[in-house]
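Enquirer:
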Amino acid sequence: MVLATGQARGAPQWEFAVSAERAEQAFASEYDAAEATIDTITFTPGLSAGNWQFSLTMPWQSIDGSYFVNNLYPNLARTCDALNELSSLEKLILVRNTGFTVQDLQYCSDTGGRVTASGQDSVSGWNDFELFANYYLPPVNEFVSGSLGLGYQFDNGDATEGLGNGAQLAMVETAWLFRSTHASLLTTLGYRFVVSEPSHYDMQDHGYAALDARWHIWRQLDLGIEYSYQQTDNDLFSDYDYFTYFVGVQFGGHWNARVFTVDYGDEAGFPEQEIGASLAYYF
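The sequence shown lines up with residues -8 to 274 when you count with the numbering used here.
(1) Does the pairing of the region 75 to 83 with the region 37 to 52 give three or more beta-carbon distances under 8 Å?
(2) From the DSSP output, read off the bridge partner residues of Q44.
(3) Please report how far the alpha carbon of K82 lies from the alpha carbon of L96, in whole angstroms.
(4) Is E265 near the ligand MN, judged by its Cβ being under 8 Å from some heavy atom?
(5) Just reading off the beta strand (DSSP E) that E15 is part of, what are its end residues?
(6) In this structure, how does DSSP classify D119 when only helix, strand and coil are distinguished?
(7) Can you tell which of W246, A268, I266 has its C-alpha closest to the C-alpha of V9?
(8) Roughly how many angstroms lie between the CA atoms of L38 and F7, to the nearest whole one?
(9) Measure how close the beta-carbons of T179 and A200 come, nearest whole angstrom, since I'm counting them as under 8 Å.
(10) So, are the CB atoms of D119 and L154 less than 9 Å apart?
(11) Just to confirm before moving on: does the CB-CB distance between I29 and N61 stay below 9 Å?
(12) I need the boundaries of the alpha helix (DSSP H) containing V86, first residue and last residue.
(13) Our contact map puts L214 next to V238 with C-beta atoms below 8 Å; I'd like the distance itself, whole angstroms only.
(14) May I ask you to report which of helix, strand or coil DSSP gives N247?
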């Protein structure tokens, strides 16, 4: 992800960030109520040189709960909701023309996708790594700055356990920061190109966008709201969007803490409630 600052950079300099986050998710459906806890530790080494910044994001996760939403990609419940609504003829056509099998359809009919592929109540391991190169454009003025980015997502995570989506993706992205003394607005617009797609999902190229508005209410204390939108990446689902409300604070020169809640609206298969907190340290 690009964080546009517009600040000029000097000699090459190594950077490193580490963050810890816990998210609590709650679900309710015709099948059963479910809860999940997602703990994520993210290591982000980077290198800055001139107006360029290179970074590698490496998230390690431990997840408790037989069903959860991770990475905001098609999950079993959303997939099964769509499959179960198809007619018998539509299901036959789907099996004939895609990677879905009769066993997949039966699985969805029996369970609604309320469990992970392995049926385990907890999983842990590395999620997909992401390599990014950002170029910071010369500031338009003291209030407006922007950046351009190129990225690549690896498929090292175990998609069958919900640790990653099983796809390799190339990304292009631009971000623009508008800021004043008491507020800031970060706009992000990007597009993901599928290099290799996961089994069982005919994943397609898709765009995404975000608006992050923050009010600096007291010294290093921020109150914010972020709107996120993503085009559908397959033929089964519609585009979706969601809001994140958060409070963040910076302290000690290197620390950043945040508490947040996410509102997914009425999106099928997504949490009815999600709350969390994170703590990050920047070297």
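Backbone N, C-alpha and C fix where the C-beta goes; we use that ideal spot for every residue, glycine too.
Expert: Result, derived from the coordinates:
(1) Taking one beta carbon from each stretch, the region 75 to 83 and the region 37 to 52 have fewer than 3 pairs nearer than 8 Å; the two do not touch.
(2) Q44 pairs with S39, N125.
(3) Roughly 8 Å between the two C-alpha positions.
(4) You won't find the ligand MN in this model; it holds no ligand whatsoever.
(5) That run of the beta strand (DSSP E) goes 4 to 18.
(6) It is coil, neither helix nor strand.
(7) Minimum Cα distance to V9 is reached at W246.
(8) The straight-line gap from Cα to Cα measures roughly 8 Å.
(9) Confirmed, about 6 Å.
(10) Result yes, Cβ atoms of D119 and L154 sit closer than 9 Å.
(11) With respect to the 9 Å criterion, I29 and N61 are classified as neighbours on the basis of their beta carbons.
(12) Boundaries of the alpha helix (DSSP H) around V86: 79 to 88.
(13) Right, the Cβ-Cβ distance comes to about 6 Å (below 8 Å), so this counts as a contact.
(14) Look at N247 here: in three-state DSSP terms it is strand.
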